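Asks:
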Amino acid sequence: MRKLIVLLFALLPSLAMAAGAKVPLDAANNDLSDKASLQRGAKTFMNYCFGCHATQYQRYERVANDLDIPAELMREHMIFNPDAKIGELMTNAIPTEYAATSFGAPAPDLTLVARVRGTDWLYTYLRSFYADPSRPFGVNNVVFPSVGMPHVLEELQGVPSKVYETRLIDGVEVKEFVGIESDGSGELNTEEYDAVVRDLVNFLEYSAEPMKLERQRLGLWVMGFIVVFFVLTLLLKKEYWRDVH
Numbered sequence: 043m044r045k046l047i048v049l050l051f052a053l054l055p056s057l058a059m060a061a062g063a064k065v066p067l068d069a070a071n072n073d074l075s076d077k078a079s080l081q082r083g084a085k086t087f088m089n090y091c092f093g094c095h096a097t098q099y100q101r102y103e104r105v106a107n108d109l110d111i112p113a114e115l116m117r118e119h120m121i122f123n124p125d126a127k128i129g130e131l132m133t134n135a136i137p138t139e140y141a142a143t144s145f146g147a148p149a150p151d152l153t154l155v156a157r158v159r160g161t162d163w164l165y166t167y168l169r170s171f172y173a174d175p176s177r178p179f180g181v182n183n184v185v186f187p188s189v190g191m192p193h194v195l196e197e198l199q200g201v202p203s204k205v206y207e208t209r210l211i212d213g214v215e216v217k218e219f220v221g222i223e224s225d226g227s228g229e230l231n232t233e234e235y236d237a238v239v240r241d242l243v244n245f246l247e248y249s250a251e252p253m254k255l256e257r258q259r260l261g262l263w264v265m266g267f268i269v270v271f272f273v274l275t276l277l278l279k280k281e282y283w284r285d286v287h
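Numbering (our numbering) for the sequence shown: 43 to 287.
Here it is, written out as structure tokens:
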């Protein structure tokens with residue numbers, strides 16, 4: 043057992059390196075209390091992501107209730123399987139074998155992706171695709187090199203490309219990567235696209251922990267109770283020990 047523990051600690055650096063490229067992450071600045079943002083994010087997820095990625099640990103009805111979406115609208119616009127009921131889990135119809143053959147690996151479930159990867163990683167990742175003809179789907183990703191996923195939001199963003207700046211370092215001109223730029227063929231401009239991605243990441247953060255805001259609210263009450271109980275305990279202790287001293 044001791045050897046196993048030592049081996050796991052020895053492997054931690056290599057596992058961290060395998061987690062993805064080390065690039066600066068942009069702040070998502072999510073707001074889980076913004077119901078309108080969560081509703082827009084749910085719409086984007088269902089229309090652009092749900093074809094391959096499920097959130098099989100969520101239920102349609104729970105999402106509708108939490109995000110103040112009427113059940114009728116949920117059934118009409120966000121449940122694409124005509125046989126599915128609103129109380130069912132949010133699974134899609136793509137077979138695992140087909141996804142593995144098409145993309146090289148099964149499309150992962152995204153229920154907990156915000157907790158696994160982090161919201162800043164997701165926000166940066168979805169804005170870091172760029173055209174790469176050498177890849178099977180014609181795109182690559184700065185945050186996740188050699189990604190096997192197509193750029194499903196390309197019709198919104200347009201065709202993105204890497205942008206370089208030439209700098210003089212020790213008398214030598216060096217091209218340095220400075221960001222991603224769209225060709226303008228998308229339906230949205232840069233600010234609008236970033237807002238759509240932020241809403242999508244906001245929804246994925248909600249999916250990962252629907253009770254987060256309630257947990258934080260209850261946590262404040264618990265901390266307040268502990269403070270009050272601590273004060274009462276001190277007063278009681280003084281009362282008991284007053285005659286002893």
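For each residue, glycine too, the CB sits at the ideal point set by N, CA and C.
Please read all numbers here as calculations on a predicted model, not as lab measurements.
Tell me whether the beta-carbon of L242 lies closer than 8 Å to the beta-carbon of G83.
Replies: It is a contact, given that the beta carbons lie within the stated cut-off.
Asks: What is the DSSP secondary structure of E251, counted as helix, strand or coil?
Replies: Three-state result, E251: coil.
Asks: Taking the beta carbon of T208 as the centre, do at least 16 other beta carbons fall within 10 Å, making it buried, or is it exposed?
Replies: Classification of T208: exposed, given that the 10 Å Cβ count is below 16.
Asks: Could you work out which residue in E215, I222, A141 is closest to V201 when comparing CA atoms only?
Replies: Of the candidates E215, I222, A141, the one whose C-alpha sits nearest the C-alpha of V201 is I222.
Asks: At the level of alpha carbons, what is the spacing between V48 and G129?
Replies: Low confidence applies to V48: its pLDDT is 37, below 50, so where it sits in the model is not reliable enough to give any reading.
Asks: For chain D, check one thing: does any of its Cβ atoms lie closer than 8 Å to the Cβ of K85?
Replies: Structure shown: chain D not included; a single protein chain is present.
Asks: By the DSSP assignment, the beta strand (DSSP E) with K64 in it spans what residues?
Replies: Unbroken run through K64: none, as it is neither H nor E.
Asks: Could you give the first and the last residue of the continuous alpha helix (DSSP H) run that contains K77?
Replies: Residues 77 to 86.
Asks: Out of T166, A147, K204, V273, which has the shortest C-alpha to C-alpha gap to A70?
Replies: With distances taken between Cα atoms, A70 lies closest to T166.
Asks: Pull up the distance between the alpha-carbon of F267 and that of E247, whole angstroms please.
Replies: C-alpha separation (whole angstroms): 29 Å.
Asks: Could you compute how far the alpha carbon of P137 sits from the alpha carbon of F271?
Replies: Taking the straight line from one Cα to the other gives about 55 Å.
Asks: By how many angstroms is the C-alpha of R259 removed from the C-alpha of L278?
Replies: Roughly 29 Å between the two C-alpha positions.
Asks: Between the C-alpha atoms of A113 and D151, what's the straight-line distance to the nearest angstrom?
Replies: Each residue's alpha carbon lies about 24 Å from the other.
Asks: Note the first and the last residue of the continuous beta strand (DSSP E) segment covering N182.
Replies: First-last of the beta strand (DSSP E) with N182: 181 to 183.
Asks: Indicate whether the contact test is met: 3 or more Cβ pairs, each with one atom in the region 228 to 241 and one in the region 186 to 204, closer than 8 Å.
Replies: Contact holds: three or more Cβ-Cβ distances are below 8 Å.
Asks: With a threshold of 6 Å on Cβ separation, who are the neighbours of T160 within its own chain once the five nearest residues in sequence on each side are excluded?
Replies: One detail in the question is off: residue 160 reads as Gly in this sequence, not Thr. For G160, where only same-chain residues beyond five positions count, there are no Cβ hits under 6 Å.
Asks: By Cβ distance, which residues of its chain are closer than 8 Å to S75, with the 5 residues on each side in sequence left out?
Replies: Excluding positions up to five away in sequence, the list reads L255.
Asks: Around the Cβ of Q100, are there at least 16 other Cβ atoms within 10 angstroms (buried) or fewer (exposed)?
Replies: Counting Cβ neighbours within 10 Å, Q100 comes out buried, since at least 16 surround it.
Asks: T208 lies in the beta strand (DSSP E); which residues open and close that run?
Replies: T208 -> beta strand (DSSP E) spans 202 to 211.
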